[in-house]
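Please read the structure below before turning to the comments.
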Amino acid sequence: MVATVERFQLEKRVDGIIVYRLADLLRESIDAFTEAATKTDLWAVENDCHARCLLDITKVRFPNPYAISRIQTLIKSTPDEIRESFAVLTPTSNLYSFARAIINHIPQSKTNSIRFFREEVEALAWLDERLQEIGP
692 MVATVERFQL EKRVDGIIVY RLADLLRESI DAFTEAATKT DLWAVENDCH
742 ARCLLDITKV RFPNPYAISR IQTLIKSTPD EIRESFAVLT PTSNLYSFAR
792 AIINHIPQSK TNSIRFFREE VEALAWLDER LQEIGP
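The numbering of the sequence shown is this note's numbering, which starts it at 692 and goes up by one.
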């Protein structure tokens, strides 16, 4: 399954990993991402499944206030009972540091399943490890 909204792409891989790719953080792109991620969360809770997700923001420049707000709201609204692993690919150390700063302002119970990576191979390996730890 692949869905695209201009600069946002959603793909469900054969191994079950949901891949979100953002080319920018414009309103339309970030809205499409947060809507898709919310649907994934609800589906995972309703079906008692482990949601394994990869967010690729390697093409994104510095985030804007709207994107920051929407992502914080998304994370805070994640259901407590969800089994989720969320790998985030960041392009630069500056964006990585900024993303960590955003996450640090959210309760750890909502962010303990989020990890940041610079290489997709490492992110996918971590998602596979999480599958072994948490189950499908």
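Virtual Cβ for every residue (Gly too), placed ideally from N, Cα, C.
The beta strand (DSSP E) spanning I709 covers which residue range? 709 to 713
Grab me the residues of T781's own chain with a C-beta within less than 8 Å of its C-beta, minus the 5 sequence neighbours each way, in chain order. I748, T749, Y787, A790, F807, F808, R809
Integer-rounded CB distance, given that A742 should sit under 8 Å from I709: 7 Å
For A714, which of F699, L822, E726, V705 has the nearest alpha-carbon? F699
Which residues DSSP lists as bridging C744, in chain order: I709, F777
So which of A727, E775, Y711 has the shortest CA-CA distance to V751? Y711
Pick out whichever of T725, A778, N755 has its Cα sitting closest to the Cα of T764. T725
Let me know the secondary structure DSSP gives E820 once reduced to three states. helix
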